[in-house]
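Report on the following structure.
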Amino acid sequence: MSAPAVSALVPPDTSGQLQPLQELPLPQTVSYAPQTIGWVFVGLLLLMLLAVASWLVWRRRQKQRYRRAALVELASIEASLAATQTDYAQRASALAAIPRLLKRTSLAVAPREQVAALTGDAWLAFLQRTRGRFDAKSEALLALASYAPPDQVAAISGDEAATLIGHTRDWIEHHHVEV
Numbered sequence: 002m003s004a005p006a007v008s009a010l011v012p013p014d015t016s017g018q019l020q021p022l023q024e025l026p027l028p029q030t031v032s033y034a035p036q037t038i039g040w041v042f043v044g045l046l047l048l049m050l051l052a053v054a055s056w057l058v059w060r061r062r063q064k065q066r067y068r069r070a071a072l073v074e075l076a077s078i079e080a081s082l083a084a085t086q087t088d089y090a091q092r093a094s095a096l097a098a099i100p101r102l103l104k105r106t107s108l109a110v111a112p113r114e115q116v117a118a119l120t121g122d123a124w125l126a127f128l129q130r131t132r133g134r135f136d137a138k139s140e141a142l143l144a145l146a147s148y149a150p151p152d153q154v155a156a157i158s159g160d161e162a163a164t165l166i167g168h169t170r171d172w173i174e175h176h177h178v179e180v
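Number 107 in my numbering belongs to position 106 of the sequence shown; there are no gaps in the numbering.
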């Protein structure tokens, strides 16, 4: 029953008037290629900016590589301290590695003549000057770990060691040495 209703909507072409009509031609597809030389220059400029930005990011990562290596070594020292609560020789060795790590890290960025000979108060002043946040207690622990005999170094408590490691991590992440 629905077939006669559809045929009623379409009028029959009894006179053949629609046969000579042709479908309108569609326009050509639009090209995505730039049509003017200005867009080529804009594209090249953007590519050059991207290349320069990538190179600057890569260069900064290369310059900061020593920080990442120092933080990995500090994490190793921290893990060693956590694992050796009763072995005093290994504990003293791990705590004594902290000042050496600080010195090597500073030598990686500052001129050797400026840093290598620093000891005692001059070394602690350098750490403070380069944005170190060592307080008096941490400075005393750092001096103790640097110069005291192993049995005294091993006597540093776990909380004091954690504080020293925290200040060391903060210095490695945020120090700034003017050359």
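A virtual CB, placed ideally from N, CA and C, is assigned to each residue, including glycine.
Quick one: Cα of residue i to Cα of residue j, how far?
i: residue 111; j: residue 69; result: 17 angstroms
i: residue 86; j: residue 63; result: 36 angstroms
i: residue 149; j: residue 166; result: 18 angstroms
i: residue 90; j: residue 128; result: 27 angstroms
i: residue 174; j: residue 159; result: 22 angstroms
i: residue 113; j: residue 107; result: 9 angstroms
i: residue 155; j: residue 60; result: 41 angstroms
i: residue 51; j: residue 43; result: 12 angstroms
i: residue 39; j: residue 46; result: 11 angstroms
i: residue 157; j: residue 116; result: 27 angstroms
i: residue 104; j: residue 84; result: 25 angstroms
i: residue 88; j: residue 100; result: 20 angstroms
For residue i, does the count of other Cβ atoms within 10 angstroms reach 16, so buried, or fall short, so exposed?
i: residue 133; result: buried
i: residue 73; result: exposed
i: residue 177; result: exposed
i: residue 120; result: exposed
i: residue 147; result: buried
i: residue 163; result: exposed
i: residue 32; result: exposed
Determine the DSSP secondary structure at residue i, reduced to helix, strand or coil.
i: residue 171; result: helix
i: residue 55; result: helix
i: residue 24; result: coil
i: residue 41; result: helix
i: residue 29; result: coil
i: residue 36; result: coil
i: residue 156; result: coil
i: residue 65; result: coil
Is residue j closer than 8 angstroms to residue i when the C-beta atoms are compared?
i: residue 81; j: residue 93; result: no
i: residue 57; j: residue 169; result: no
i: residue 141; j: residue 102; result: no
i: residue 78; j: residue 98; result: yes
Query raised in the report: At what residue ranges does the segment 68–154 contain a whole run of the alpha helix (DSSP H), taking only runs of 4 or more?
Result: For the segment 68–154, whole alpha helix (DSSP H) runs of length 4 or above, ordered along the chain, are 89–110, 113–116, 121–130, 137–148.
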